[in-house]
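Following: one structure in structure tokens, then a few remarks.
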Amino acid sequence: MGNHSDGSPNHSGTVATAGQNEVEKFQDPGLPPHRLRLADTDPVAAKRAERQVAILFGTSVIGTLVFLVAYFAIDLGDDTSIATIRTQNLLLGLGTAFAMLGIGTGIVHWAKALMPDHEVSEERHAIRTEEDRQAAVRIVDDIVDETGIKRRPLIRNTLLGAVALAPLPALAIFGDLGPRPDKALAHTMWAPEGDKLKRLTRDPDGTPIKASDVTIGSAFHVIPEGLNELHEGKLNEKAKAVVLLMRLDPNSLNPSEGRESWSYNGIVAYSKICTHVGCPVALYEQQTHHLLCPCHQSTFDLTQECKVIFGPASRPLPQLPIAVDAEGYLVATSDFREPVGPSYWERDEHERLINS
Amino acid sequence: MKALSQKRRHPLAAIALLLMGLLLTGGLYAVATTVNQAKADTTSFSASDVEQGGKLFAANCATCHGMGASGTQDGPSLVGVGAAAVDFQVGTGRMPMQMSGPQAQQKPAQFNAEQTKQLAAYVASLGAGPAIPEANLLDGKGDAANGGELFRVNCAMCHNAAAAGGALTRGKFAPALAGVSAEHIYEAMVTGPQNMPVFNDSNVTPEDKRDIITFLKTIEANGSPGGADLGSLGPVSEGLFVWVAGLGVIIAFTIWLTSRTS
Chain A
1 MGNHSDGSPN HSGTVATAGQ NEVEKFQDPG LPPHRLRLAD TDPVAAKRAE RQVAILFGTS
61 VIGTLVFLVA YFAIDLGDDT SIATIRTQNL LLGLGTAFAM LGIGTGIVHW AKALMPDHEV
121 SEERHAIRTE EDRQAAVRIV DDIVDETGIK RRPLIRNTLL GAVALAPLPA LAIFGDLGPR
181 PDKALAHTMW APEGDKLKRL TRDPDGTPIK ASDVTIGSAF HVIPEGLNEL HEGKLNEKAK
241 AVVLLMRLDP NSLNPSEGRE SWSYNGIVAY SKICTHVGCP VALYEQQTHH LLCPCHQSTF
301 DLTQECKVIF GPASRPLPQL PIAVDAEGYL VATSDFREPV GPSYWERDEH ERLINS
Chain B
357 MKALSQKRRH PLAAIALLLM GLLLTGGLYA VATTVNQAKA DTTSFSASDV EQGGKLFAAN
417 CATCHGMGAS GTQDGPSLVG VGAAAVDFQV GTGRMPMQMS GPQAQQKPAQ FNAEQTKQLA
477 AYVASLGAGP AIPEANLLDG KGDAANGGEL FRVNCAMCHN AAAAGGALTR GKFAPALAGV
537 SAEHIYEAMV TGPQNMPVFN DSNVTPEDKR DIITFLKTIE ANGSPGGADL GSLGPVSEGL
597 FVWVAGLGVI IAFTIWLTSR TS
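Chains A and B supply the protein sequences, listed in that same order. Residue 41 in our numbering sits at position 41 of the first sequence; the count goes up by one each step and never skips. To get our numbering, take the position in the second sequence, counting from 1, and add 356.
Dropping the structure here:
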């Protein structure tokens, strides 16, 4: 680049302007002066560098030996305690690390300290000539001519058709990513089967819960009856249907109109799936009656029907309407009255569908 | 047998049969029902324990909990909380509270074992509540695998999957469980201290509680299989380590690679 600091407009820059032949050529600064290293001048230093490289390669050898000894000498046998496995893993890891690092650092140190370090500049090749370009064009023309693709439209068209159709199987493959869940998102296992209401059962063993078991301050982790008997799609169903069951003083609940019968003696059941992005909301504080989502700190107030009082969630947790059956067990009187979990495009439509 | 069959038409036979049936179902129910085994557990405490406990209570606890533990504006009533709650709160030093705050902090216990027992005896005498657990439930010789599953379902969301503790709302937190005695773990489950929910015996049976204690003692004894666990806090501490130490090593290598040897 030109020197801007001399204030002379005629000598600024290397680019020639139109109609101005006075071009100041860029001066090749050349290579910086070669600076000799210690090992280049002092044979003792060279010898020392040589030993250092040898030590690094030796470290690699030791690392490999440590690996082999750890692999073969530590007998995992039948009785493998965590302590034995941990020792072996540690030695295998350290052995591999030093085996690789020893070779790598050794070569780099060798190159930096001992190998010749003259700066070399490589000259640029001339750009290809016009004849070369035209020769390439001739080759392409020859190919078009010799294949006869212009003269034989049948071949050309069938080829085009084949190439156009070949990607179609990909559609089928991507189609297997579906089907879209559609209405499956709107329903859970809590929906009664005919007249039979689903019982609330304990996670993970699936035993039913009596209303009298739920003392004040209790929190039960609940799955629907029959979930453990599912053979297919159990996790998907569980992910939608998990419920947290809690009992508080009935006077501290403030049910809105139409929801008075959804609880039983202060026992309430709410979906455990956060309405923000679907983490399990299960951090229950029995004195403040707050439910906290561990992912983004959305906080729901149980005494206000799980209204959001802090955090990014936009809707209250869906409540599961519960009652007690003839034998004293808790049952869900219906499915959730809205889709559980985070928002999705068809959610409003599904909510209307559920409540129609 | 013949005499019995002759008496079956006796006018009182129906009443006798009804009485027998009621006694049988009542007895069976009493045996089968296990909800918290709520009983005024005064059997293991002597009358002098209760008396001494009453004096200790009046001197140390009544300021907040009121005379007779009936509760004031500053502290809840303790009627019916049971001996387990006292043993937990006083035994871990949470009570008497040092100061008011989001939650009572653990600190060196202020009463010795004898005094704690006397206080527990006094509070247990006020009303039925969970008793101090039997020693055979605390031996840590249950099924650690089952305990682990129950821990992940019921406890891990607050106490962390490795029982390292975690934050709750507004300054409250679930404490780490390493170093907590089996007795205190059991009592915490059964009484639900402060904001912890209650896990009564019909929710998590005594044997399941024993399994959970076994699991906690097992992971505490085994330590972390992967070496340094960095507090078992997951991506926060692990990420910090990788960003600082891992990237630090890479930067050091690049500087070394491009530097000139002297």
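For each residue, glycine too, the CB sits at the ideal point set by N, CA and C.
For a quick check, are the C-beta atoms of R337 (chain A) and I354 (chain A) less than 9 Å apart?
Here residue 337 (chain A) refers to the residue found at position 337 of the first sequence. Here residue 354 (chain A) refers to the residue found at position 354 of the first sequence. Against a cut-off of 9 Å, the Cβ pair of I354 (chain A) and R337 (chain A) comes out as a contact.
Does the contact criterion of 3 or more C-beta pairs under 8 Å hold for the segment 198-213 of chain A versus the segment 548-565 of chain B?
Yes, since at least three Cβ pairs between the segment 198-213 of chain A and the segment 548-565 of chain B fall closer than 8 Å, the two stretches touch.
With a threshold of 9 Å between beta-carbons, can R616 (chain B) be considered close to chain A, or not?
Position 260 of the second sequence, counting from 1, holds the residue named residue 616 (chain B). Yes, R616 (chain B) counts as interfacial toward chain A.
Which one of A:R347, A:L168, A:L154 has the shortest CA to CA distance from T275 (chain A)?
In the first sequence, counting from the first residue as 1, residue 275 (chain A) sits at position 275. Among A:R347, A:L168, A:L154, the Cα nearest to that of T275 (chain A) belongs to A:R347.
Three or more C-beta pairs closer than 8 Å, one from the segment 295-309 of chain A and one from the segment 165-185 of chain A: is that the case here?
These segments do not touch.
Just checking: is the beta-carbon of G383 (chain B) within a distance shorter than 9 Å of some beta-carbon in chain A?
For the purposes of this step, residue 383 (chain B) is identified with residue 27 of the second sequence, where counting begins at 1. No - not a single Cβ of chain A is within 9 Å of the one on G383 (chain B).
Counting C-beta neighbours from all protein chains within 10 Å, is the total for S506 (chain B) 16 or more, i.e. buried, or is it exposed?
Against the second sequence, residue 506 (chain B) aligns to sequence position 150. With the sequence shown as reference, residue 506 (chain B) is identified as Leu, and Ser is not the correct amino acid for it. Looking at its Cβ environment, which holds 16 or more other Cβ atoms inside 10 Å, L506 (chain B) is buried.
So for H11 (chain A), helix, strand or coil by DSSP?
Residue numbering aside, residue 11 (chain A) sits at position 11 when the first sequence is read from its first letter. With a pLDDT of 44 at H11 (chain A), under the threshold of 50, the modelled position of this residue cannot be trusted, and the question is left open.
What residues in the segment 270-293 of chain A bring their beta carbon closer than 9 Å to a beta carbon of chain B?
The residues in question are P280, V281, A282, L283, Y284, E285, Q286, Q287, T288, H290, L292.
Which runs of the alpha helix (DSSP H), 4 residues or longer, sit entirely within the segment 498-573 of chain B?
Listed in chain order, the complete alpha helix (DSSP H) runs (minimum 4 residues) inside the segment 498-573 of chain B are 500-510, 512-515, 538-547.
Whose CA, out of B:L603, B:A544, B:E576, lies closest to the CA of G565 (chain B)?
Position 209 of the second sequence, counted from the first residue, corresponds to residue 565 (chain B). Here residue 565 (chain B) turns out to be Lys, not Gly, going by the sequence shown. The residue with the shortest Cα to Cα distance from K565 (chain B) is B:A544.
What does DSSP give as the partner residue(s) for L200 (chain A) in the beta ladder?
For the purposes of this step, residue 200 (chain A) is identified with residue 200 of the first sequence, where counting begins at 1. Paired residue(s): A:P224.
Under three-state DSSP, which class holds P169 (chain A)?
If you number the first sequence from 1, residue 169 (chain A) lands on position 169. It is helical.
So the beta strand (DSSP E) T299 (chain A) belongs to, where does it begin and stop?
Working through the first sequence from its first residue, we reach residue 299 (chain A) at position 299. 299-301 is the span of the beta strand (DSSP E), which, as asked, contains T299 (chain A).
I want to verify the contact list: residues of chain A whose CB lies under 8 Å from the CB of E505 (chain B), in sequence order.
As a position in the second sequence, residue 505 (chain B) is number 149, starting the count at 1. Simply P204.
What did DSSP end up calling I354 (chain A) once you bin it into helix, strand or coil?
Mapped onto the first sequence, residue 354 (chain A) falls at position 354. I354 (chain A): helix per DSSP, three-state reduction.
E237 (chain A) to T525 (chain B), Cα distance in whole Å?
Counting from one through the first sequence, the residue named residue 237 (chain A) turns up at place 237. Counting from one through the second sequence, the residue named residue 525 (chain B) turns up at place 169. If I take the Cα positions, the gap works out to 30 Å.
CA-CA distance, A49 (chain A) and V61 (chain A)?
Locating residue 49 (chain A) in the first sequence gives position 49, counting from the first residue. Locating residue 61 (chain A) in the first sequence gives position 61, counting from the first residue. The straight-line gap from Cα to Cα measures roughly 19 Å.
Which value, in whole angstroms, describes the spacing of the CA atoms of P318 (chain A) and P280 (chain A)?
Your numbering for residue 318 (chain A) matches position 318 in the first sequence. Your numbering for residue 280 (chain A) matches position 280 in the first sequence. Distance between the alpha carbons of P318 (chain A) and P280 (chain A): 13 Å.
Which word fits A166 (chain A), buried or exposed, when buried means at least 16 other C-beta atoms lie within 10 angstroms of its C-beta?
Taking the first residue of the first sequence as 1, we reach residue 166 (chain A) at position 166. So A166 (chain A) counts as exposed.
Should G217 (chain A) be flagged as near chain B, meaning a C-beta pair shorter than 9 Å?
The residue you call residue 217 (chain A) lines up with position 217 of the first sequence. For G217 (chain A), the answer is yes, since a Cβ of chain B falls inside 9 Å of its Cβ.
Roughly how many whole angstroms lie between the Cα atoms of S252 (chain A) and M246 (chain A)?
Translated into the one-based positions of the first sequence, residue 252 (chain A) becomes position 252. Translated into the one-based positions of the first sequence, residue 246 (chain A) becomes position 246. Spanning the two alpha carbons is a distance of roughly 13 Å.
Among A:G328, A:K196, A:A97, A:A70, which has the Cα closest to the Cα of R86 (chain A)?
Residue numbering aside, residue 86 (chain A) sits at position 86 when the first sequence is read from its first letter. Out of A:G328, A:K196, A:A97, A:A70, A:A70 has the C-alpha closest to the C-alpha of R86 (chain A).
Please look up how many angstroms separate the CB atoms of G106 (chain A) and V53 (chain A), rounded, as I've assumed it's under 8 Å.
Stepping through the first sequence from its first residue, residue 106 (chain A) is reached at position 106. Stepping through the first sequence from its first residue, residue 53 (chain A) is reached at position 53. Yes, they are in contact, since the Cβ atoms of G106 (chain A) and V53 (chain A) sit about 5 Å apart, within 8 Å.
Taking the continuous alpha helix (DSSP H) assigned at V406 (chain B), which residues delimit it?
Along the second sequence, one-based indexing puts residue 406 (chain B) at 50. Segment 403-416, the alpha helix (DSSP H) holding V406 (chain B).
If you run the structure through DSSP and keep just helix, strand and coil, what is L292 (chain A)?
Here residue 292 (chain A) refers to the residue found at position 292 of the first sequence. Note: L292 (chain A) maps to strand in three-state DSSP.
Among B:N502, B:C511, B:G431, which has the Cα closest to the Cα of C417 (chain B)?
On the second sequence, position 61 is the one that residue 417 (chain B) refers to. The shortest C-alpha separation from C417 (chain B) is found at B:G431.
What whole-angstrom Cβ distance do P581 (chain B) and I82 (chain A) have, given they're in contact under 8 Å?
By one-based count along the second sequence, residue 581 (chain B) stands at place 225. By one-based count along the first sequence, residue 82 (chain A) stands at place 82. With a Cβ gap of about 5 Å, P581 (chain B) and I82 (chain A) count as contacting.
Just the Cα atoms here: how many angstroms apart are T59 (chain A) and L65 (chain A)?
Taking the first sequence and counting its residues from 1, the one referred to as residue 59 (chain A) is at position 59. Taking the first sequence and counting its residues from 1, the one referred to as residue 65 (chain A) is at position 65. Each residue's alpha carbon lies about 10 Å from the other.
Residue range of the alpha helix (DSSP H) that E130 (chain A) falls in?
Residue mapping note: residue 130 (chain A) aligns to position 130 of the first sequence, counting from 1. That run of the alpha helix (DSSP H) goes 130-147.
Return helix, strand or coil for G383 (chain B), following the three-state DSSP convention.
Here the question's residue 383 (chain B) lines up with position 27 in the second sequence. Three-state result, G383 (chain B): helix.
Please tell me whether A460 (chain B) and Q445 (chain B) are closer than 9 Å, where the distance is taken between their beta carbons.
Within the second sequence, the letter at position 104 stands for residue 460 (chain B). Within the second sequence, the letter at position 89 stands for residue 445 (chain B). Cβ atoms of A460 (chain B) and Q445 (chain B): closer than 9 Å.
Please report the distance separating the alpha-carbon of L482 (chain B) from that of F529 (chain B).
Residue numbering aside, residue 482 (chain B) sits at position 126 when the second sequence is read from its first letter. Residue numbering aside, residue 529 (chain B) sits at position 173 when the second sequence is read from its first letter. So the two alpha carbons sit approximately 31 Å from each other.
Please list the partners that V340 (chain A) has in chain B, where partner means a Cβ-to-Cβ separation under 7 Å.
Working through the first sequence from its first residue, we reach residue 340 (chain A) at position 340. Within 7 Å Cβ-Cβ: nothing; V340 (chain A) doesn't reach chain B, min ~18 Å.
Any Cβ of chain A within less than 9 Å of the Cβ of M513 (chain B)?
Taking the first residue of the second sequence as position 1, residue 513 (chain B) is located at position 157. At least one chain A Cβ lies under 9 Å of M513 (chain B).
Could you tell me whether any Cβ in chain A is nearer than 9 Å to the Cβ of G579 (chain B)?
What you label residue 579 (chain B) is simply residue 223 of the second sequence in a count that begins at 1. For G579 (chain B), the answer is yes, since a Cβ of chain A falls inside 9 Å of its Cβ.
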